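The next block holds one structure in the form of structure tokens; read it before the comments.
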Amino acid sequence: MRNRGTSASGGRSNGMNRALHKAGTVGRKIIVGCSVWLCGSGFLPLGLHTAAAADQPAEKGSVDFSRDILPILSDYCFTCHGPDQNQRKADLRLDTQEGALRTENPVIVPGKSSDSELILRIVSTDPGEVMPPPKSNRKLSARQIELLKQWIDSGAVWGRHWAYEAPRRPLLPEVKRSDWAQNPIDRFILARLERERLTPAPPARPETWLRRVTLDLTGLPPTLAEIEDFARDSSDQACQRVVDRLLNSPRYGERMAWDWLDAARYADTNGYQGDPTRSMWFWRDWVVEAMNRNLPFDQFTLEQLAGDLLPNPSREQLIATGFHRNHMINGEGGRIAEESRVDYVQDRVETTGTVWMGLTLNCCRCHDHKFDPVTQREYYQLAAYFNSIDESGATDAYPQARPLLPVPTPAQEARVAEMKQRESTSQKALAELEQKLRAGQPDWERALADQTGKPQSPEWTVLTPITVQSQAGATLTAQADGAVLATGDNPARDTFVVTVKTPGPALTGLKLEALPDASLVNSGPGRADNGNFVLTEVVVTADGRPLKLLAIAADHEQGGLPLTQAVDGKNDTGWAILPEFGKPHTGIFEIQDLPTSGTAERTLTIRLEFQSIHVSHVIGKFRLSTTSAPVTVLRPISEAIRQALAVEPEKRNDAQKKLLSEYYLGTIPGYAATKQQAEAARQAREQAEKEIPTTMIVRDLPQPRETFVLLRGAYDKRGDKVAHGTPTVLPALATTAPPNRLALAQWLISPSHPLTARVTVNRYWQTFFGTGLVKTAEDFGVQGEKPSHPELLDWLAREFVDSGWDVKHIHRLIVTSATYRQSSNAGADLIERDPENRLLARGPRYRLPSWMIRDQALAASGLLVNTFGGRGVRGYQPPGIWEDATFGQIRYEQEHGDALYRRSLYTFWRRIAGPTMFFDVASRQTCTVKIARTNTPLHALATLNDVTYIEAARGLAQRVLLNGPPDERARLAEMFRLIATRPPQPPELEILSRRLAGLLTTYRENESAAQKLIKVGETAAPPQLAVPELAAWTSLATLLFNLDESLSKE
Amino acid sequence: MTSLPAHLAHLTRRQFLGHQAGGLGTAALAALLGKELAAAPRGANGGQPEFPNSTPRAKHVIYLLQNGAPPHVDTFDYKPAMVEYRGQELPESIHKNQRLSTMTAGQKQKLVLPAFAPFRQHGQCGAWVCDFLPHTASIVDDITFIKSMHTTQVNHAPAITFFLTGAELPGRPSMGAWTNYGLGTESDELPGFVVMTSRDKEASCGQIFYDFYWGSGFLPTRFQGVKFRGSGDPVLYLSNPEGISREVRRGLLDDLARLNELKYAESGDPEIVTRIAQYEMAYKMQTSVPELTDFSTEPESVLKMYGPDVQRQGSFAYNCLMARRLVERGVRFVQCFHAGWDHHRNLSTQFEIQCRDTDQPSAALVQDLKQRGLLEDTLVIWGGEFGRTPFCQGDINDRKSLGRDHHPYCFTIWMAGGGVKAGFSYGASDDFAYNPAVNPVHVHDFQATVLHLLGIDHERLTYRFQGRDFRLTDIHGQVVREILA
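These protein sequence lines are chains E and B, in that order.
Using this note's numbering, the letters of the first sequence correspond one by one to residues 79 to 1128.
Using this note's numbering, the letters of the second sequence correspond one by one to residues 0 to 484.
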């Protein structure tokens, strides 16, 4: 029965092949065609869901629910009869056993497909009956219908989607060819090839393998020395030794970090408007180091998802939590902070889902998943783990957002400690001084008061000048009110000399009024072109003897030009009043050490000096007065002080006490300087702290936030409140642990978790073979692609966990396998049969990531600078990229020197305008675990014309011309080897040699072109090289960089 | 260009390469391969065989996206009744307390602000147009207004992303990418989806053009928009480095192809053949793009039509003329973004300036296409990401600082050529231009209509990603049949 059934289906699907031919679906056609050739018995692959030859059912003649049936139900039925309860039609669900095999009003009758409503509806020709309905534009193929029938007829055995079952370590399959396998990986690959009647390709040439493995593990090509060492090492251990060396190279972590940075949406800016710069490179450096020291993946997971919740977390463990702060931050004006915060929580849920579980959770933000058994409620239960981070959603530590961790260098740490010490010393000195001085406050208050106890004001007597003279030739005229007005010449610098008679012998204070006048610019009071003046010095002589003056107070002082500087004995400092023009200003000085002798009036000579570098900063109108009031009362008292003083000391309120105390202290000479010192020390400490970079980390609130289902994902449309939890389709979470991120992380790395290890080893496979065993590395759900080698995937997953999540162990297994070692050359038959190389009957061959192409060029040219870590660097970039993207608000300032030649990993990544030197890279805006590889003319233009490549080409040329062998052909061969690792074949050498000769002629005839070419890039060409020769070799090197082989791993 | 099945292209390549020792010129070979590869799915230009699924009315689209959002009340949606309500509170029956941007959500009053400039009727169709747009007024008989557009997004970036990709969050393919994925391009010398940006001279608007506006999302990156830059080389890395002449480059590329062919003979990887073709196309672009940007062949009368800014690279006028030249050369989708319309507090100064910057070039483009017979199969779209509030933002008595906030509930766009009616107006807003009153058109309807004009059923143009079939219109969209000519 069964045999007849299968051969019948074979016949039908040949018909289907023809139909597909007509439809012109090319990719599918080839595959179906070859599988007919393959499977003589006629058992056919699934047409639609599995688009590669690799997905033919392994076991002939049996129907597997997870492999064969579930994808059909998912593709054609789940939209209306799946997990999403809001979209469910006719109250029928086909994604669960209870629903599909319900006994009441059954749609499937096990053993009897012809009685099953499911089949009857699918094959119905009535447009009102047929499923899926015509409106959906979907129709099952004959083959799929046949599979469903077979499944029902053989009992409709229900199962689960493979990826939700924990992987078990499979037995190594038996293989016929016993001499090929190097390790268990090869047994699985070979077993499949043997089943497919294919044979593995022969091993790649040793230097091809060396280049492949060196690029794969370090992102750089092998050096000449490494090539030669490997060639010399004839022992069995040669390959192992190379792999050991590469796995221990610091370059390993830099290479492996790239893919993780893509997944973590790492960038150097926030994205969105303004796109400010952040400093998450501490996290990036942590990743590189973690990979270099082979931090086991379980620990790698714990520290990044919950480093802050580990006991006594180290600084590094806190930095690691930056994983979930790498998302974009929206600081747009008008943005609601809570809306942003919810965005960030959702981003974390979805990123965690993709990176650790291969689950596409983003659908569940708004509704139950259409295909996978994850509900919207479960999405928000996961969101609860990320919902209690101590963050506001605003850019509240601009340009970053809290929580932050300061990350000082040891030198910065020492400096802050020193500044703190200084601050504390000066604060202590200030406090001591204040305490000491305050004891004198009652005396001071008494001295201020008159007989009635109220504060007294000094009486000022205007001094009428006897003589007044401008030394530089201005005209000074005494006014009726005792003022003096300057007119006429306005010399750059001047000194006024005034003689006056004082009213009596006792003098305590001198008052200088600078007065406005309509004749002055801006009404003065100065004669400068804005009305300002700088009084550089006041000198008073009594009876031929200079008196000591102390600045008491001015009503206004320009910043940096206080009154004290008018009596400091220096003429390059002074008192000025910008911007308070057009108003009267007053400076009051105490006259000290006046001889007490004498009884009558005195004659004073007062010199007002204006010797500033600022031209004509001379007072335009002034008046002088003196007083004999007690020194204490010279200082003008504000109304607030007056009122406070009027209150009895014990009755004053705190504000009044503070006001008086501060005022009093301010009157004491020397106090201000001490206070200034303390303030300066505080500022210095703050500055030192500010210089310490910070990195964003994760830390929870003391009280967790409540979490709600958000209707249609909108932050302000709350539905039911939910507790922390994980999807029920996956193993239960340990209930003993507190419900937090640590519990979530521990759940992800629990050995029974079906997804974490599989998803992770699959990404590793993708790193080395270009495509994962599950091609949809981002989706292990029902709609994801089935693994090409399910048992190998499970074996690797188990091996990974059992080895203690040893990443380098898995990498080593892969690169030392015979599978990896195969030559990538292939005949047309194999390429037609398996265009994507899913069966691995040949080695991997595909274009290198663009960042690796750049690193390779830098390494080959000798320009590469291998400095580790630090902030992102700005290398060569065509002008105007950032400016165009930000309307000129952000300028690209290219760096110079080493920064131009750092590894691509350290390139500054502006999120709204990523580095132009790369192509086919993740956007670094959201989590990406698989990047496209395209082949466009724009890529060609970049590697042909970007300065980086031209300068690297010259570097390569210089290298062989300066240090290479003398013979031209040998030099060409060496240049070739520096990029391709292998020596050129004679026809290749012939082409290159001829081209070189032509280029030499061209550049000798046109030396100016040669000059221009060798000036591209910022390194200088060595003067000892002939210009046309260097230009010719440089041109030729650009060709080598663009060889398909150079751009590819093979 | 007819589509060549992959295996046939492959065979042909192998035949050629099998005979390569026979001495077929490399350039000739590469050119030939380039043509064939272009047709194959892995090449540069292929579309999906299924499309167009109906007779296309438009082969090209030029989308003049007015970023920042022009005020519909001040441009095309004439509401004379608003004049007598000036300064009065907008009735709640009109605004219904719909959610607004946080910039005016807290504003206590919603005072009616009528049109800023006078309106007049124009053309046979009698369309009302604001006096600040005299050039657009002169082409009203060639265009269709949709006065009942509405969207769900209230901030710029999400709203533009929604308009162009059908989703408000970044990550889905832009309309131009979808179009090229479905239809392929007609040019083997230029990319099929070209993007240009400009802004007002004062940079008053401050909107940023994010590259995800023209991204290919989950579609292969070859479908993403190629941004022609506003200064320097329009395409990155287009120019040969100093000291490498076109002749030197030609020679190097010939040898590169020879060496790659040797590699192909050994390796068998068809990607190598594609690479040879792509290097050839790069070489062609080095000529075709400078030729494209060389306006010296344009008659003086044409340059004059676009106005004085046309010679200034990076201006809206320059980009409009470039759009025509691109379409002429077979480019499928041209997207011109112009930022300058976000008049929250500077309506009285900036509005007129923006009208001046964009009015003449937009109208000139339509006329220019028309006189060359290109308008028939080129769809021109003009519009913002949303409208602006019919009520005033800021103090209505302070003419210097008043403006309008974002308004997603109703706004106006226009289209011309490519199978839409001429001299037509569709849909209408209420008396205060606050909500659509008749025939509302959602962004997804707009998208469905544009695809329909291109001969694509928006429900059939899908791409499977993360296990789901995605489309531009998500699960929505109705073709607005009434505007089809």
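C-beta: ideal position from N, C-alpha, C; glycine also.
Quick caveat: nothing in here was measured; it's all calculated off a predicted structure.
- The beta carbons of residue 618/E and residue 682/E sit closer together than 8 Å.
- For residue 320/E, no chain B residue has a Cβ inside 9 Å of its Cβ, as the nearest lies near 23 Å away.
- In the DSSP assignment, residue 337/B forms a beta bridge with 65/B and 197/B.
- Contact annotation for residue 1116/E against chain B: 251 [CB-CB distance below 7 Å, chain order].
- Taking a Cβ-Cβ cut-off of 7 Å, the neighbours of residue 208/B in chain E comprise 963, given in sequence order.
- According to DSSP, residue pairing for residue 742/E in a beta bridge does not occur.
- Of the candidates 1069/E, 575/E, 262/E and 522/E, the residue whose Cα lies closest to the Cα of residue 894/E is 262/E.
- At least one C-beta of chain E is nearer than 8 Å to the C-beta of residue 458/B.
- Residue burial is scored here from C-beta neighbours: residue 259/B has at least 16 other C-beta atoms within 10 angstroms and is therefore classed as buried.
- Scanning its chain for C-beta atoms nearer than 7 Å, with the 5 sequence neighbours on each side dropped, one finds around residue 355/E the residues 346, 347 and 477, in chain order.
- Annotation for residue 1095/E: 1025 and 1029 place their beta carbon closer than 6 Å to its own, counting only its chain and skipping 5 residues before and after.
- Annotation: residue 429/B to residue 446/E spans about 38 Å, alpha carbon to alpha carbon.
- Note on geometry: alpha-carbon atoms of residue 1125/E and residue 267/E lie some 27 Å from one another.
- Annotation note: the stretch 763-820 of chain E contains the following uninterrupted beta strand (DSSP E) runs of length 3 or greater, listed N- to C-terminal: 772-774, 785-788 and 796-800.
- Ranked by Cα distance from residue 229/E, the options 514/E, 145/E, 536/E and 660/E are led by 145/E.
- A direct Cα-to-Cα measurement between residue 93/B and residue 406/B gives close to 13 Å.
- In terms of Cβ geometry, residue 773/E and residue 400/E form a close pair [threshold 8 Å].
- Around the beta-carbon of residue 1072/E, fewer than 16 other beta-carbon atoms lie within 10 Å, marking it exposed.
- In this structure residue 342/B touches residue 402/B by the C-beta definition: roughly 5 Å separates them, less than 8 Å.
- Apart from the 5 residues on each side of it in sequence, residue 1085/E sits with its Cβ closer than 7 Å to the Cβ of 1105 and 1106 in its chain, given in chain order.
- About 44 Å separates the beta carbons of residue 98/B and residue 186/B, which is beyond the 8 Å limit, so they are not a contact pair.
- Secondary structure of residue 478/E (DSSP, three-state): strand.
- Counting other Cβ atoms within 10 Å of its Cβ, residue 168/B reaches 16 or more and is therefore classed as buried.
- With fewer than 16 neighbouring CB atoms inside 10 Å of its own CB, residue 622/E falls in the exposed class.
- In the three-state DSSP reduction, residue 406/E falls in the coil class, being neither helix nor strand.
- DSSP places residue 148/B within a strand segment (E or B) once states are collapsed to three.
- Taking a Cβ-Cβ cut-off of 9 Å, residue 148/B has no neighbours in chain E, whose nearest Cβ is about 22 Å from it.
- Residue pairing from DSSP leaves residue 869/E without any beta-bridge partner.
- Bounds of the alpha helix (DSSP H) holding residue 719/E are 717-724.
- Sequence-ordered contacts of the stretch 1027-1050 of chain E with chain B read 1028 [C-beta pairs closer than 8 Å].
- Straight-line spacing of the CA atoms in residue 363/E and residue 784/E works out to 34 Å.
- 8 Å or more divides the Cβ of residue 217/B from the Cβ of residue 62/B.
- When 7 Å is used as the limit between beta carbons, residue 902/E is near these residues of chain B: 266, in chain order.
- About 18 Å separates the Cβ atoms of residue 575/E and residue 557/E, ruling out a contact at the 8 Å cut-off.
- For residue 280/B, at least one C-beta of chain E is nearer than 8 Å to its own C-beta.
- Contact between residue 687/E and residue 573/E holds, with the beta-carbon distance rounding to 5 Å and staying under 8 Å.
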